[in-house]
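Chemist: Convert by adding 8 to the 1-based position in the sequence shown; the result is the number in the working numbering. Just so it is clear, CB atoms sit at the ideal spot from N, CA and C, and this is done for glycine as well.
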Amino acid sequence: MKMKILFPALALAVLGLLPPACQADSITLTVQAGQPGPRINPAMWGIFFEDINFGADGGLYAELVKNHGFEFPDPMTGWTKISPSLAKGELSVRDDNPFDPANAHYLRVHSEGTAHFGISNEGFRGIGLRQGETYDFSAQIRGVAGNAVLWLNLVGGDGSMLDSVPLKGFSSEWKPYTAQLHPKATDAKARLDLIMDGKGTVDLDMVSLFPRHTWKDRPGGLRADMVQMLADLKPGFLRFPGGCIVEGSQLDRRYQWKNTILPVPDRKLLINRWNYEFEHRPAPDYFQSFGLGFFEFFQLCEDLGAQPLPILNCGMACQFNSGELVPLDALEPYIQDALDLIEFANGPADSPWGAKRAAMGHPAPFHMNMMGVGNEQWGPQYIERYVPFARALKEKHPGIMLVSDAGPSPDDDRFKFLWPKLRELKADIVDEHSYANPIWFFTNNHRYDNYDRNGPKVFMGEYGAQSVAVVSPKNRNTLECALAEAAYMTGLERNADVVRMASYAPLFANAAAWQWTPDLIWVDSLHVYGTPNYYVQQLFSRNRGDVVLPVELGGASAPSSQVQPLYASAVRDDQTHDIILKVVNPGGAPIRIAIELMGLAKVQSKASRTLLAGASLSDVNSFENALKVAPLESRINGVGLRFHQNFPPYSFTVLRVTAQ
Ligand code: AHR
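1. From this set, 37, 34, 46, which residue's C-alpha is nearest residue 580's C-alpha?
2. Helix, strand or coil, according to DSSP, for residue 216 in the structure here?
3. Where does the unbroken beta strand (DSSP E) through residue 557 begin, and where does it stop?
4. Using 7 Å as the cut-off, classify the Cβ of residue 416 as near or not near the heavy atoms of the ligand AHR, replying yes or no.
5. With DSSP as the reference, please indicate the residues paired to residue 439 in a beta bridge.
6. Checking the sheet assignment: what are the DSSP bridge partners for residue 664?
7. Would you say the segment 324-339 touches the segment 257-265, given that touching needs at least three Cβ pairs under 8 Å?
8. When DSSP labels each residue in this structure, what does residue 69 get in the three-state scheme?
9. Suppose only complete runs of 3+ residues qualify. What are the beta strand (DSSP E) ranges in the segment 291-321, listed by chain order?
10. From the DSSP output, in three-state form, read off residue 174 for me.
11. Are residue 577 and residue 493 touching if we call contact CB-CB under 8 Å?
12. For residue 514 versus residue 58, is the C-beta distance shorter than 8 Å?
13. Would you call the CB atoms of residue 246 and residue 314 closer than 8 Å?
14. Per DSSP, which one or two residues make a beta bridge with residue 118?
15. Answer with buried or exposed for residue 76, where buried requires no fewer than 16 other C-beta atoms within 10 angstroms of its C-beta.
16. Where does residue 602 fall in DSSP's three states?
17. Is residue 304 buried or exposed, if buried means 16 or more other CB atoms sit within 10 Å of its CB?
18. Between the beta-carbon of residue 438 and the beta-carbon of residue 414, is there less than 8 Å?
19. Thinking C-beta only, is residue 446 closer than 8 Å to residue 488?
20. State the beta-bridge partners of residue 87 as determined by DSSP.
21. Would you say residue 617 reaches chain C, if we count a Cβ-Cβ gap shorter than 8 Å as a contact?
22. On the premise that residue 129 lies in contact with residue 199, defined as a C-beta separation below 8 Å, what is that separation, rounded to the nearest angstrom?
23. Who are the near neighbours of residue 611 in its chain, counting only those whose CB is closer than 8 Å to its CB and skipping five residues on each side?
24. For residue 508, name the three-state secondary structure that DSSP assigns.
25. Output yes or no for whether 8 Å exceeds the beta carbon distance between residue 499 and residue 454.
26. Hey, how far is the Cα of residue 209 from the Cα of residue 203?
27. For residue 385, name the three-state secondary structure that DSSP assigns.
28. For residue 643, which residues does DSSP report across the bridge?
29. Do you know how far the Cα of residue 644 is from the Cα of residue 301?
30. So for residue 162, helix, strand or coil by DSSP?
31. Less than 8 Å separating the beta-carbons of residue 206 and residue 272?
32. Based on DSSP bridge pairs, tell me the residues matched to residue 516.
33. Measure the alpha-carbon distance for residue 30 versus residue 623 and round it to whole angstroms.
34. With a threshold of 8 Å, are at least 3 pairs of Cβ atoms found where one atom belongs to the segment 584-602 and the other to the segment 67-82?
35. List the whole-angstrom C-beta distance separating residue 170 from residue 265, where the pair is believed to meet the contact cut-off of C-beta under 8 Å.
36. Specify, as a first and last residue, the run of the alpha helix (DSSP H) that residue 343 falls within.
Here it is as structure tokens:
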């Protein structure tokens, strides 16, 4: 979205907002373990996935060939002609008699046989290949004339041949052909060449290359290392597919889930709205193939043990763009799409949409129990559309929790207009978004303390601290931002009766092709690393607990406009009987505090401590130093009903104390 850059975020020290160094024992953290507060939603900490920053194509979806179906508006995007000086040949994009009318374009390659002639695919800004792994090539091919051999070559970034396999004897009808390739070296910037040897003509379509090893080794599946990062978060839910791509810059570019459950070649390509959204980060080769579609989304949720949270277009295009609206009397197909999605996810295998799910290999329901109506809409236009959606959905599926939204900002006029309306409508849960500087996150720690306990619940559906300015390409995933989010999340946790779910955004960024920074996880064609922000999310999620315990931080208060010396929250894990304390020290000095656990008879004297800390607020992780800021686990001794603990500078600590 085109957002105004709101406020430069300076480091806390520059702003003079760092908390003063504290004296030993001047702060006491009191935990009322005998007075449990609200229960925490098991799905509290989740994931927001959007195909931004090449998060799906060029990211999670493991296809290595860009524009495999020649369906981009320029059908040769991603492809180049290989025609050495003696070669004579011709490339033509055609659509007569295709192998699949839904995927009409294909490439005819004709070679005179005077020298090798063909095409090369660059992948998504370079193909990542690993020595020792198998890569599955497939393509629809039709022999038109001659009997030239078609060489499949994996070529390294330096031009070296990594593997080469011939295909020959093509049928005069379209037929799928496959081959396996084994690169003899690892290369992050390889390419796939298809070279004609001899005189002849072939037609090519759906040219594909996948690593054999994908997540759960599913053919045509997802990148295993990226999904592993998600699995390691132990997410409670997965919100999909966005984000602004739900809305589209105009209505005919909105996300339509039914298109994404067709056979892969039939999934109609769509320009990605992040292709052209930011003039400073244009991505003319960014399109949505939908190889990662709604079936794959539900399957991923099941794999991760995360509840699916689909977000559907509610008849509004992105209001930062065209703001195009579906007239109120023409909303019915949009509402029907939502109803059909529920049937696709949950309906019996013999229902019309449930049968499609079963045919895709999943007769059992996916147990979807929530759905978002619109992404980041605002104004009376949203309410006018939300109402008929909610009426129709609640009438047929009263058990599905509906997520409504409060616009793009956490406190502007759009937000202030929507919240009372949604309260009046008795909305289930309202999606709030905040992209703001770290100070906002620190100083909004108490944001939910005074929220109405009887109104709609809150889904903090998109948030991320911006180190420089909102949507600035200079934003980095600094430790400062991560600590600010951790401090804020202690406030979400303390208010778990109101805030039922939360997710950081955006999730992934391809380092060679991103549009938006900061992002939780960065990838290149071979590697992936988690940011300090990722580890904050992971520590909250893996130490979620079941019930909130009230805490008091005596001696740590600060004016509401200032950063506190410490932030803390506590929960209890019902299974392990652990009291889990989360403490953020945003300052540059260590703080030693007293911790009092009230309402317990005894605790074990050894406890576990997980520490996320760095030497400076500007610390970041990188491909070269992926674990510079990463959790370190240790055991601590001397724990009791009252004990002392040091919290190092610039740190987030999770303590697990076991009650006896
Ligand atoms: O997370 C990036 C974008 O920020 C999302 O697509 C949108 O919902 C928000 O404006």
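Modeler: This is what the structure gives:
1. 46
2. strand
3. 555-557
4. yes
5. 413, 467
6. 588, 616
7. yes
8. strand
9. 315-320
10. strand
11. no
12. yes
13. yes
14. 98, 209
15. buried
16. strand
17. buried
18. yes
19. yes
20. 129
21. This model lacks chain C altogether; it includes just one protein chain.
22. 6 Å
23. 587, 605, 647, 648, 649, 665, 666, 667, 668
24. strand
25. yes
26. 12 Å
27. coil
28. 616
29. 46 Å
30. strand
31. no
32. 529
33. Because residue 30 carries a pLDDT of 46, less than 50, the predicted location of this residue cannot be relied on, and the following value inherits that uncertainty. Using only the alpha carbons, I get a separation of about 19 Å.
34. no
35. 38 Å between Cβ atoms; not a contact.
36. 340-354
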